[in-house]
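Okay, so here's the structure we're looking at.
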Amino acid sequence: MDSTPPQPRRTRLARAAMVSAIPLTSAAVGITTNLVTAAWNWALAGALLAFVIGSIIATVLVDWGEAGPDTSRREQTDRQQDTRPVATEQQPATVAGVNTLPRDLGVFTGRHEEVRLLVEAATSRAESALAIHAVDGMGGVGKTTLAVHVAHLLATEYPDAQLYVNLRGYLSDQAPMRPGEALEVLLVALGLPLDRIPPSPDARSALWRAQISRRRAVVVIDNASDAEQVRPLLPGSGGCLVIITSRRRLTLPDVRPLSLAAMPAREAATLFISTVGAIRAADQLPMVDAVVSRCGHLPLAIEVAAAWLAHRPSKKIDDLLAALDTPLDAVTATLELSVRSLPTAARQVFLHLGQHPGPIITGAVAAALTGLDVTSASRAIDVLYEHNLLQEMSRSRYQFHDLVREFARQAAVELDSSGVERLLRSYLEAAAAADRLLGPGVPGTPEPADEEWTKPPTDTAARAWFEAELPNLLACARHAIEHRVVPHAWMLPSVMSRYFRERGYALQARPLLIGALRIATTAGDPLAQANCHLGLGTLDQIAGNHTAARSHFNEANAHYEQVDSALGSANASMELGVLDQISGDYAAAQRRFETAMQGYQQLGNVLGQAYAHAELAAVAKLLNAYAEARKHVNSALTYYDQAGSQAGQAEAYSSLGGIDRLTGDWDAARVHLTRALHLHTALGHGRGQAYAQVQLGALHRATGEHTAARKLLYDALTSYHDAGDRMGMAFAYSQLGMLDRVIGEHPAARGHFEQALSLYRGVGSLAGEANTLTSLGILERLMGDYTAALSNLDRALALYTTLHDRAGQADAHTELAATYRESGDAASAHAELSLALPLWIAVDSTAAADRARTGLAALQEST
């Protein structure tokens, strides 16, 4: 029995309206065209056309008033900002779920048969069926407009998500988007934090299919260059609709093709008249066919031509036709006419936008390219939008149609490079300012000088700015490298390095930093080389390539010392200290962090001091020096508060909660870790959220809340796995093993410990390996396998000795003593506890030392 609840009457009415309105509009077009071709009175024909269109508008608006709820507050706000007419054709009802589609046209004209085919094909399929359509056709024929319009119409049918990604398949000045990048766009749109998105394109594709399989979603994949670019983006199953657009006919399995030709004459005429107005066109209807024919019946050209006329009340259609009388192709002719007729400021902005390396156009971008102030540049952008030369992506953010972008690029070839250099400098200054809110900063980068580029007020705002501007930042960095624009070629990738690392953008960051290093080396600039080496080292460190990371950090440190950069040397010391800590050389790590601290103190670098205190706390905690660790964390928290770093505060609370848990203050641990989890979740920091979840899971295990502990640990493991964080996965697996051991699930515990051990060995974490071997040894003792237990504990002891970890050595000796005692070897147990006791005393663990004394006394009595 089908358990699907019946659709509300409004939804059924909405679906019917989608299809039924199409022939009604077609009939209206047919009537009007017949009037024209029969050479009836033009004034009568124009009046009748205006009446028919107005009737259709009224009918459809009434239908939709009954068929769906009011538009959302977001849509209402968008429409208040929109200068175009209100919607006059069927509109989608408001739906829940994410929507990243470009804005639909207020008036969608023509393509009625194609809309009907796509809508009927989607609505007639079972809810669990996957539908994929590929719309092909020449540039400017209206593929994107059709796909986006249909996606909006079907939003109620696919309520979980309405997604859009532009693959940039046909831009001459930008490479097509790689499938891995496109998958990142789609996964982020679904709400996944960037640090949960794996670096491998194959892993991203698998994650995308898993995520989208649970949703009814419509996905528009725009401007595909070929089938190979699209294939990894296709869902594997589930009730989704995918609409692909391309200038090529794509050969893909289970894909329904739809070829889009130039608009039929009737629809082309209607599109033109809908912009210029029926009354105005009434006395020149014979010229309409000639104009749309000169435009090649291409919607893009028709819209641009109609906008030219609409903004010139004194001109007639025959004036437009005369202006279009050139040997150029239809699109070029209409664009030349439109640009030539723009006001001076708008024409200047259009030409300079042809130099823009990135896809996103804002008032600040236009101001930097032209030298105008942002207010004047924004007014010019409004004019370009009114003339259909720009498409609005979201409020105050625009983009070119591919063909318009290519036209602007060709028109800008005679301009000098000063505008682009201003733009690169503006982005560099703004990115450097944002970077200084995320960390100590990059030496040698400029302070903001352009007041038009507002400095973000907080680290959260800085991350949001980076995310919003990332497409332009990447494009500007690539342009600077390709054209060897120094110093921007090496500075832009360097100031983005910390953000790249935080968000897991290794795929985008590595080629930029390699190219920047190559240019810096050729130029012989040691400071630039140092910054690039530092950035590359952090990428290798995250990937677990610690040997390569250390090599980069050492190179960076040498170059920083060569130019006497105190900030650079402190940054390099911090990164080398982290590697020392991972490898278990805690003494070296502590020295490096203390050296970095001195450098940051001399510079008055607040965030640098916070980070140094945080790392010193981590080392102290590993050495069981919990009082010292707490002191450093509190100092770090003070500096984070001073700097207004919410991310730093969240990390500090996680650290405090971990110390509380290890020292048995479970109430304080719960408070600190819960606060950390809430902060990380609010900030969208997947790794920080996972770390807090593991700590809370361990706390719940200790307090007997085993079900809650398991859920937290598995949630954390999923986050670490999705982010490709092997250290984090090992941490989660080890805690799951401890939970299984406590509740008596010994085989499961062994499996989790072995997975953790393999991961720790893979990343070269000797401390993680030693801790896991100790946990395995305890488990094997509980299972009665004393030989295996002694072997693993001996191996752990050897590693702790190598690491100079006295607490670890004491723990290993204690567990060896317990194993020997249970196996009946009291003499060996006594010997091991005798070795453990002075070590517990040395690390100030009074409770452990007392237990060792008690154990020794009991063994002495038994012998």
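Counted from 1, the sequence shown has number 711 at position 711 by the working numbering; the numbering is strictly sequential. Glycine is no exception: its CB is placed at the ideal position from the N, C-alpha and C atoms.
Please report the Cβ distance between Asp728 and Ile582, rounded to the nearest whole angstrom; I am assuming they are in contact, meaning their Cβ atoms lie under 8 Å.
Mapped onto the sequence shown, residue 728 falls at position 728. Mapped onto the sequence shown, residue 582 falls at position 582. It is worth fixing the name first, because residue 728 is Gly in this sequence and not Asp. So it is not a contact: roughly 13 Å between Cβ atoms.
*Write down the C-beta distance between Leu250 and Val230 rounded to the nearest angstrom, noting that I regard them as a contact closer than 8 Å.*
Counting from 1 along the sequence shown, the entry for residue 250 is found at position 250. Counting from 1 along the sequence shown, the entry for residue 230 is found at position 230. With a Cβ gap of about 7 Å, Leu250 and Val230 count as contacting.
Worksheet item: Based on the DSSP output, what are the partners of Glu303 in its beta bridges?
Response: As a position in the sequence shown, residue 303 is number 303, starting the count at 1. Answer by DSSP bridge pairing: none, since Glu303 is not bridged.
Note to self: Since Arg853 and Leu837 should fall inside the 8 Å C-beta cutoff, what is the C-beta to C-beta distance between them, to a whole number of angstroms?
What the structure shows: Indexing the sequence shown from 1 puts residue 853 at position 853. Indexing the sequence shown from 1 puts residue 837 at position 837. 7 Å between Cβ atoms; contact.
Taking the Cβ atom as the reference point for each residue, do Ala265 and Asp283 lie within a distance shorter than 8 Å?
Looking up residue 265 in the sequence shown gives position 265. Looking up residue 283 in the sequence shown gives position 283. Contact flag unset, no.
Should Asp866 go down as buried or exposed, given a rule of 16 or more other Cβ atoms within 10 Å for buried? The requested residue 866 does not occur in the structure, where the chain is confined to residues 1 to 863.
Query raised in the report: Where in the region 568-603 do unbroken runs of the beta strand (DSSP E), each at least 3 residues long, occur, reported from the N-terminal end onward?
Result: DSSP runs (the beta strand (DSSP E)) wholly in the region 568-603: none.
Would you give the residue range spanned by the alpha helix (DSSP H) that Pro257 belongs to? The residue labelled residue 257 in the question sits at position 257 within the sequence shown. Where Pro257 is concerned, there is no enclosing alpha helix (DSSP H), although the beta strand (DSSP E) it sits in stretches over 256-259.
Does DSSP put Gly855 in a helix, a strand or coil? In the sequence shown, the residue the question calls residue 855 occupies position 855. Of the three classes helix, strand and coil, the one that applies to Gly855 here is helix, per DSSP.
Length-filtered (4 minimum) alpha helix (DSSP H) runs lying within the region 522-566
526-542, 546-562
Check your understanding: Taking just the CA atoms, how far does Phe593 sit from Val442?
Key -> As a working note, residue 442 is residue 442 in the sequence shown. As a working note, residue 593 is residue 593 in the sequence shown. Going from the Cα of Val442 to the Cα of Phe593 covers about 18 Å.
Worksheet item: With C-beta atoms as the reference, is Asp580 less than 8 Å away from Ala589?
Response: On the sequence shown, residue 580 is found 580 positions in, with the first residue counted as 1. On the sequence shown, residue 589 is found 589 positions in, with the first residue counted as 1. The answer is yes: Cβ separation under 8 Å.
- Item | Neighbourhood of Arg701 by C-beta, 8 Å cutoff - its chain only, sequence neighbours within 5 removed | Residue 701 sits at position 701 when you count from the first residue of the sequence shown. The answer, listed in chain order, is Ala709, Gln735, Met738, Leu739, Val742.
### Message
Taking the alpha-carbon of Leu117 as reference, which of Leu773, Arg510, His133, Arg248 has the nearest alpha-carbon?
### Response
Position 117 of the sequence shown, counted from the start, is the residue given in the question as residue 117. Checking every option, the nearest Cα to that of Leu117 belongs to His133.
- Item | Helix, strand or coil at Thr245 [DSSP, three-state] | Position 245 of the sequence shown holds residue 245. Strand, per DSSP.
Could you pull the start and end residues of the beta strand (DSSP E) that Tyr164 belongs to? Counted from its first residue, the sequence shown places residue 164 at position 164. Tyr164 -> beta strand (DSSP E) spans 161-166.
Item to check | Residues bridged to Val219 (per DSSP) | outcome: For the purposes of this step, residue 219 is taken as residue 219 along the sequence shown, with counting starting at 1. Bridge partners of Val219: Leu163, Val242.
Helix, strand or coil for Gln90, going by three-state DSSP, please let me know.
In the sequence shown, the residue the question calls residue 90 occupies position 90. With a pLDDT of 37 at Gln90, under the threshold of 50, the modelled position of this residue cannot be trusted; read the value that follows with caution. Residue state, collapsed to three classes: coil.
Per DSSP, Asn792 is paired with what?
Working through the sequence shown from its first residue, we reach residue 792 at position 792. Asn792 is bridged by DSSP to nothing; it lacks a bridge partner.
- Query: Quick one: is Asp850 buried, meaning 16 or more other Cβ sit within 10 Å of its Cβ, or exposed?
  - Reply: As a working note, residue 850 is residue 850 in the sequence shown. Asp850 comes out exposed.
Hey, how far is the Cα of Ser326 from the Cα of Arg294?
Position 326 of the sequence shown, counted from the start, is the residue given in the question as residue 326. Position 294 of the sequence shown, counted from the start, is the residue given in the question as residue 294. Here residue 326 is Thr; the residue named in the question, Ser, does not match the sequence. Rounded to the nearest angstrom, the two C-alpha atoms are 9 Å apart.
| Does the distance from the CB of Leu766 to the CB of Leu816 come in under 8 Å? | For this step, residue 766 is matched to residue 766 along the sequence shown. For this step, residue 816 is matched to residue 816 along the sequence shown. Result no, Cβ atoms of Leu766 and Leu816 do not sit closer than 8 Å.
- Item | Segment limits, beta strand (DSSP E) that includes Met393 | Taking the sequence shown and counting its residues from 1, the one referred to as residue 393 is at position 393. Taken as a continuous stretch (DSSP letters only), the beta strand (DSSP E) holding Met393 covers 391-394.
Could you compute how far the alpha carbon of Ala523 sits from the alpha carbon of Asp173?
In the sequence shown, the residue the question calls residue 523 occupies position 523. In the sequence shown, the residue the question calls residue 173 occupies position 173. About 26 Å.
> For Ile302, which residues of its own chain have a beta-carbon under 7 Å away from its beta-carbon, when the five flanking residues on both sides are left out?
Replying inline: Within the sequence shown, numbered from 1, the residue matching residue 302 stands at position 302. For Ile302, where only same-chain residues beyond five positions count, the Cβ hits under 7 Å are Ala268, Leu271, Phe272, Val292, Cys295.
**Prompt:** Since Gln399 is in the beta strand (DSSP E), which residue starts that stretch and which ends it?
**Reply:** On the sequence shown, residue 399 is found 399 positions in, with the first residue counted as 1. It spans 397-399 - the beta strand (DSSP E) in which Gln399 sits, taken as one unbroken run.
Which class does His685 belong to by DSSP, given the choice of helix, strand or coil? Residue 685 sits at position 685 when you count from the first residue of the sequence shown. Note: His685 maps to coil in three-state DSSP.
I'd like to know if the region 421-429 and the region 485-495 are in contact, where contact means that at least 3 CB-CB pairs between them fall below 8 Å.
yes
Alpha carbon to alpha carbon, how far is Asn166 from Ala408?
By 1-based counting over the sequence shown, the position of residue 166 is 166. By 1-based counting over the sequence shown, the position of residue 408 is 408. If you take the alpha carbons of Asn166 and Ala408, they lie about 19 Å apart.
Practice item. State the Cα-Cα distance for the pair Gly169 and Pro235, rounded to the nearest angstrom. Key: Taking the sequence shown and counting its residues from 1, the one referred to as residue 169 is at position 169. Taking the sequence shown and counting its residues from 1, the one referred to as residue 235 is at position 235. Gly169 and Pro235: Cα-Cα distance of roughly 20 Å.
Whose CA, out of Ala690, Gly704, Ser274, lies closest to the CA of Tyr714? Stepping through the sequence shown from its first residue, residue 714 is reached at position 714. Cα-wise, what sits closest to Tyr714 is Ala690.
inquiry  = Taking its Cβ as the centre, do 16 or more other Cβ atoms sit within 10 Å of Asp104, making it buried, or is it exposed?
reply    = Numbered from 1 along the sequence shown, position 104 holds the residue referred to as residue 104. Buried, by the Cβ-count rule.
Restricting to Cα atoms, I'd like to know which of Leu799, His387, Gln355, Glu336 is closest to Ser417. Numbered from its first residue, the sequence shown carries residue 417 at position 417. The option with the nearest alpha carbon to Ser417 is Gln355.
task: Would you mind working out which of Ala434, Leu384, His352, Ala636 sits nearest Gly371, comparing C-alpha positions?
output: Numbered from 1 along the sequence shown, position 371 holds the residue referred to as residue 371. Selected option, being the one with the closest Cα: His352.
**Item:** For Ala412, the three-state DSSP class (helix, strand or coil)
**Value:** Taking the first residue of the sequence shown as position 1, residue 412 is located at position 412. Three-state result, Ala412: coil.
So, with DSSP's three-state summary, where would you put Val292?
Counted from its first residue, the sequence shown places residue 292 at position 292. Reduced to three states, the DSSP call for Val292 is helix.
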